[in-house]
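As structure tokens, the structure follows; a few thoughts come after it.
Protein chains in written order, with the numbering used here: chain A, 475 to 632; chain B, 475 to 632.
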């Protein structure tokens, strides 16, 4: 019988693999990627509870090409970098990081959510996943109406 | 006498040189440089008249090293990209470009203004110089108190 050795092999393999094979990687180095645009969500806005603050959108080289061509190839990564907004002194200034949101393109791996993997790293900590396996309800359902634009809300501007 | 030929030579040379030898170049390609930080100057702020709106700071590779080391080498360029801010709908959104401000490091060429050349390109148009030969009064006088920080206001953040 091969069952016992196969189980042992499977156990050995799984110990060396990530727990969630479809986990979205932390977007290492995104602060050096291209800044696409920014926006602040202020008190009174419908999305304030989840997204209040000043966010910056960054794109890696493949995602940047996607904004320009309208087609995002596998490996495109878009970051939604949300900071607290300090609105004292008749200015809006950057505060602490609230979350690093990520869209990571892999048409097969993330087929269930439009070909994009979604994740949020709380306070920008690569170890603290705020979305996990809730990507459909926490992210994709709101992005779905953007299907004609590759499920992306932001646009490139010069 | 050499005067006449020398004048002719000088005229010929000046025709082939830029009118202002110390003109700050337009920062071509800055949208792909590293985004340092952003801030919005709102109505009521002391600098609103000149700088009202949402500005993004971008640094080229040399300037980025300068933020990190505290010493800006010649060739460092920092861009202050000022956009109109639309504050309708409980959000602050990017509007049209108001000006592309530039600090261009060349310790000798711009010795009179702390080693930085200052310029502003109105609406981002490389042909429309808003500062010209007024860099001292229009820019440097406000930057001078930042001498200990290389005359730069912004700081790098992760």
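From the three backbone atoms N, C-alpha and C, an ideal C-beta is built for every residue, glycine too. Every value quoted in this text rests on a predicted model; they were computed, and no experiment measured them.
Same chain, Cβ closer than 7 Å to residue i, neighbours up to 5 away in sequence not counted
i: residue 490 of chain B; result: For residue 490 of chain B, the pLDDT reaches just 48, beneath the cut-off of 50, and the residue's location in the model is therefore unreliable, although a value from the coordinates is still provided. Nothing listed; no residue qualifies.
i: residue 568 of chain A; result: 528, 557
i: residue 475 of chain A; result: The predicted position of residue 475 of chain A is uncertain, since its pLDDT is 44 and thus under 50; a value taken from the coordinates is nonetheless stated next. For residue 475 of chain A, where only same-chain residues beyond five positions count, there are no Cβ hits under 7 Å.
i: residue 628 of chain B; result: 510, 511, 531
Within chain A, partners of residue i - CB distance below 8 Å
i: residue 503 of chain B; result: Those do not exist, as residue 503 of chain B stays about 11 Å from chain A at its closest Cβ, beyond 8 Å.
i: residue 641 of chain B; result: The first residue shown for chain B is 475 and the last is 632, placing residue 641 of chain B beyond what the model contains.
Beta-carbon proximity list for residue i, same chain, < 6 Å, skipping 5 on both sides
i: residue 538 of chain B; result: 508
i: residue 551 of chain B; result: 501, 534, 537, 578
i: residue 512 of chain B; result: 530
i: residue 618 of chain A; result: none
i: residue 504 of chain B; result: 532, 553
Interface flag, residue i vs chain A, CB-CB below 7 Å
i: residue 568 of chain B; result: yes
i: residue 518 of chain B; result: yes
i: residue 535 of chain B; result: no
i: residue 578 of chain B; result: no
i: residue 552 of chain B; result: no
Any chain B beta carbon closer than 7 Å to residue i
i: residue 556 of chain A; result: no
i: residue 573 of chain A; result: no
i: residue 617 of chain A; result: no
i: residue 597 of chain A; result: no
i: residue 565 of chain A; result: yes
i: residue 611 of chain A; result: no
i: residue 489 of chain A; result: Because residue 489 of chain A carries a pLDDT of 48, less than 50, the predicted location of this residue cannot be relied on, and the following value inherits that uncertainty. Answer no: the Cβ-Cβ gap between residue 489 of chain A and chain B never drops below 7 Å.
Nearest to residue i (by Cα), restricted to the options the options
i: residue 574 of chain B; options: A/581, A/632, A/618; result: A/632
i: residue 506 of chain A; options: A/531, A/548, A/580, A/597; result: A/531
i: residue 510 of chain A; options: A/540, A/499, A/519, A/496; result: A/540
i: residue 597 of chain B; options: B/504, B/543, B/555; result: B/555
i: residue 614 of chain B; options: B/603, B/585, B/601, B/499; result: B/585
i: residue 564 of chain A; options: B/520, B/547, B/524, B/582; result: B/520
i: residue 572 of chain B; options: B/524, B/609, B/499; result: B/524
i: residue 599 of chain A; options: A/576, A/543, A/630, A/542; result: A/576
i: residue 499 of chain A; options: A/518, A/542, A/606, A/570; result: A/606
i: residue 497 of chain B; options: B/518, B/543, B/609; result: B/609
Contacts of residue i in chain B (Cβ-Cβ under 7 Å)
i: residue 632 of chain A; result: 505
Same chain, Cβ closer than 8 Å to residue i, neighbours up to 5 away in sequence not counted
i: residue 516 of chain A; result: 522, 526, 559, 561
i: residue 545 of chain B; result: 624
i: residue 566 of chain B; result: 514, 528, 559, 560
i: residue 602 of chain B; result: 595, 596
i: residue 581 of chain A; result: 548, 589
i: residue 542 of chain B; result: 630
i: residue 570 of chain A; result: 557, 558, 597
heavy atom of the ligand FAD below 6 Å from residue i C-beta
i: residue 597 of chain B; result: By its list of ligands, the structure shown contains no ligand whatsoever, and the ligand FAD lies outside what it can speak to.
Beta-carbon neighbours of residue i, restricted to chain A and to distances below 7 Å
i: residue 587 of chain B; result: Those within 7 Å of residue 587 of chain B in chain A number zero; the least Cβ separation is about 26 Å.
Under 8 Å, with one C-beta from each stretch per pair, do the stretch 610-625 of chain A and the stretch 588-599 of chain A reach the 3-pair mark? In this structure the stretch 610-625 of chain A lies against the stretch 588-599 of chain A, because at least three pairs of beta carbons, one per stretch, are closer than 8 Å.
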